[in-house]
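First up is the structure itself, then whatever we jot down about it.
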Amino acid sequence: MTRWAIVARRAATWSGVSDPQSLARHNGSVADHREALRRIAAREPLRAWGTDVVDLPWGDPEFSERMLREHLDQSHELASRRLDTIERQTDRLLEWLGIGPGSSLLDVTCGPGLVARAFAHRGISVTGVDIAPAAIRHAIEITAGLPCTFIESDVREMPLPVAGFDAAIYLYGQGGVARPEDQREILTRVRRALRHGAPLVLELRDAASVDRGPDTRWWAGTDDLFGSGAHLVLTERDWDPDARATVERDIMLGVETGALSIFGVTERAFEPAEIAAILAEAGFPQVEFHCGWDGLAFDDSSDWLVAIGR
Ligand SMILES: C[S@@+](CC[C@H](N)C(=O)[O-])C[C@H]1O[C@@H](n2cnc3c(N)ncnc32)[C@H](O)[C@@H]1O
21 MTRWAIVARR AATWSGVSDP QSLARHNGSV ADHREALRRI AAREPLRAWG
71 TDVVDLPWGD PEFSERMLRE HLDQSHELAS RRLDTIERQT DRLLEWLGIG
121 PGSSLLDVTC GPGLVARAFA HRGISVTGVD IAPAAIRHAI EITAGLPCTF
171 IESDVREMPL PVAGFDAAIY LYGQGGVARP EDQREILTRV RRALRHGAPL
221 VLELRDAASV DRGPDTRWWA GTDDLFGSGA HLVLTERDWD PDARATVERD
271 IMLGVETGAL SIFGVTERAF EPAEIAAILA EAGFPQVEFH CGWDGLAFDD
321 SSDWLVAIGR
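Just so we're on the same page, the numbering used here is the position in the sequence shown counted from 1, plus 20.
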């Protein structure tokens with residue numbers, strides 16, 4: 021099962037589809053349902069960054085509200101880490117980065133500001149950038165009175181001062197989702213925004229932990245990450261050997277409406293040598309690696325590789 025399908029399925033209540041009255045309320049016509057099934061049957065094969073499988077619609081206001089609930093849910097670590105994990109990761113990052121009170125930090129794809137707040141409590145000034153409106157709203161709310169600034173922007177276009185930061189973090193695998201050309205653009209922008217020799221922490225999924233086998237499943241849910249109302253979710257995943265990436269697609273079919281929404285994501289599996297080469301190309305010639313956060317214990321910590329480029 022894919023990561024985001026797990027998030028959606030955890031939230032599914034199931035009630036809508038087993039309720040006969042709900043099933044009797046047909047808002048969509050038979051033709052709508054037939055057209056949806058036709059489009060599902062004619063879907064493209066899973067290919068890295070192909071149609072519908074580039075990334076989740078993070079910037080969509082409604083999706084970002086639903087995702088915010090997952091970021092803040094302390095029963096899992098699939099969208100953001102739990103607060104106690106973030107506290108321990110922050111202490112470890114401060115050790116690795118050699119920054120302290122008075123330093124400035126850039127948080128690339130900062131989400132709802134949970135990591136930014138932890139750094140700010142330790143005296144660091146943080147600028148966070150994220151495309152999700154609900155996440156940025158929450159980040160601003162929880163850091164009131166702390167030295168934090170948040171920018172709602174696509175990180176491929178983020179407006180940043182030149183040489184304005186003492187360090188940068190790009191956590192929780194988002195850097196492995198970007199298309200190679202976008203990743204180059206983002207890392208180049210980060211490099212420009214950092215002072216000479218300042219470190220960037222890039223956390224990517226360890227190549228060995230990236231799923232490679234094909235997988236196909238379906239389930240019925242109601243009011244979950246993928247949308248409201250009763251729906252079927254058809255989820256599939258495959259490995260694209262040319263791109264060395266795993267590709268996931270979750271097709272959501274509205275039970276009553278026949279409406280079709282498709283969510284997809286492509287995630288690259290990087291070997292350390294490749295990460296070092298990408299960082300060197302972006303202007304970080306020295307790279308050190310910390311596998312599994314050097315033994316820090318949290319959900320799936322061994323699946324992650326932290327690279328620090330300088
Ligand atoms: C898995 S979450 C991690 C959030 C945060 N770094 C954390 O650890 O809690 C990925 C984040 O990347 C953001 N994101 C995805 N694509 C983006 C883009 N192109 N520009 C800015 N933010 C983006 C999402 O909105 C989401 O908040």
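Using N, Cα and C, we set each Cβ at its ideal position, and we do this for glycine too.
Leaving out the 5 sequence neighbours to the left and right, which residues in its chain are closer than 7 Å to residue i when beta-carbon positions are compared?
| i | result |
| --- | --- |
| G247 | M272, S281 |
| A155 | S84, L88, H91, G131, P132 |
| A99 | V27, M87, E90, H91 |
| A159 | C130, P132, G133, A136, G148, F170 |
| R23 | L98 |
| R232 | W259, T266 |
| A198 | I206 |
Check residue i in the structure and name its three-state DSSP category.
| i | result |
| --- | --- |
| G315 | helix |
| R211 | helix |
| T266 | strand |
| E291 | coil |
| L76 | coil |
| R45 | In this prediction, R45 has a pLDDT of 48, which is less than 50 and means its spatial position is unreliable; what the coordinates show is noted afterwards. The answer is coil: DSSP assigns R45 none of H, G, I, E or B. |
| I60 | helix |
| L66 | coil |
| T129 | coil |
| D104 | helix |
| E172 | strand |
| F139 | helix |
| L88 | helix |
| L299 | helix |
| V197 | coil |
| S124 | strand |
| S95 | coil |
| S38 | Interpretation of S38 is limited by its pLDDT of 38, a score under 50 that renders its predicted location unreliable; no figure is taken from the coordinates. |
| L166 | coil |
| R29 | helix |
| L180 | coil |
Mark residue i as exposed unless 16 or more other C-beta atoms lie within 10 angstroms of its C-beta, in which case mark it buried.
| i | result |
| --- | --- |
| P200 | exposed |
| G315 | exposed |
| H251 | buried |
| G195 | buried |
| D260 | buried |
| L57 | exposed |
| P219 | buried |
| V221 | buried |
| D244 | buried |
| V146 | buried |
| A213 | buried |
| V210 | buried |
| A289 | buried |
In the DSSP assignment, what residue or residues form a beta bridge with residue i?
| i | result |
| --- | --- |
| H251 | G241, G274 |
| E308 | I328 |
| T236 | E256 |
| Y190 | L222 |
| L114 | Answer by DSSP bridge pairing: none, since L114 is not bridged. |
| D150 | E172 |
| T286 | V267 |
| F185 | L214 |
| L134 | The partner list for L134 (beta bridge, DSSP) is empty, contrary to what the question assumes. |
| S321 | Paired residues: none, contrary to the question. |
| S229 | Its beta-bridge partners do not exist; DSSP assigns none. |
Who are the Cβ neighbours of residue i in its own chain at under 8 Å, not counting the five residues just before and after it?
| i | result |
| --- | --- |
| G193 | E223, L224, R225, E287, W324 |
| A25 | R237, V253, T255, E268, D270 |
| P153 | G79, P81, S84, E172 |
| D52 | T277, G278, A279 |
| T110 | V135, A138, F139, R142 |
| H16 | Nothing in the structure corresponds to residue 16, since the chain is present only between 21 and 330. |
Within the present structure, is the beta-carbon of residue i separated from the nearest heavy atom of ligand 2 by less than 7 Å?
| i | result |
| --- | --- |
| W78 | The model on display carries ligand 1 but not ligand 2. |
Which same chain residues, not among the five before or five after residue i, have their C-beta less than 6 Å away from its C-beta?
| i | result |
| --- | --- |
| D174 | I151 |
| I295 | A327 |
| N47 | E276, T277 |
| H310 | V326 |
| P292 | F309 |
| F318 | T105 |
| L43 | Here L43 scores only 42 on pLDDT, less than 50, and its place in the model should not be relied on; the value that follows carries that caveat. Counting only Cβ-Cβ distances below 6 Å, and skipping sequence neighbours, we find nothing. |
| Y190 | V128, L222 |
| G329 | L220, L299, F304, V307 |
task = Flag this pair as touching only if the stretch 197-217 and the stretch 134-141 have three or more C-beta atom pairs under 8 Å; answer yes or no.
result = Short answer: they don't touch.
task = Tell me, please, whether the stretch 287-307 touches the stretch 82-94 by the rule of three or more beta-carbon pairs shorter than 8 Å.
result = Cβ pair count under 8 Å is below three, so no.
ask   = Are the stretch 251-271 and the stretch 67-86 touching by the rule of at least three beta carbon pairs closer than 8 Å?
value = Contact between the stretch 251-271 and the stretch 67-86 is present, with at least three C-beta pairs closer than 8 Å.
At least 3 beta-carbon pairs within less than 8 Å: the stretch 124-132 vs the stretch 178-193 = Contact between the stretch 124-132 and the stretch 178-193 is present: three or more C-beta pairs spanning the two stretches fall below 8 Å.
inquiry  = For the structure I just gave you, are there three or more beta carbon pairs, one from the stretch 250-266 and one from the stretch 233-240, closer than 8 Å?
reply    = Yes, the stretch 250-266 is in contact with the stretch 233-240.
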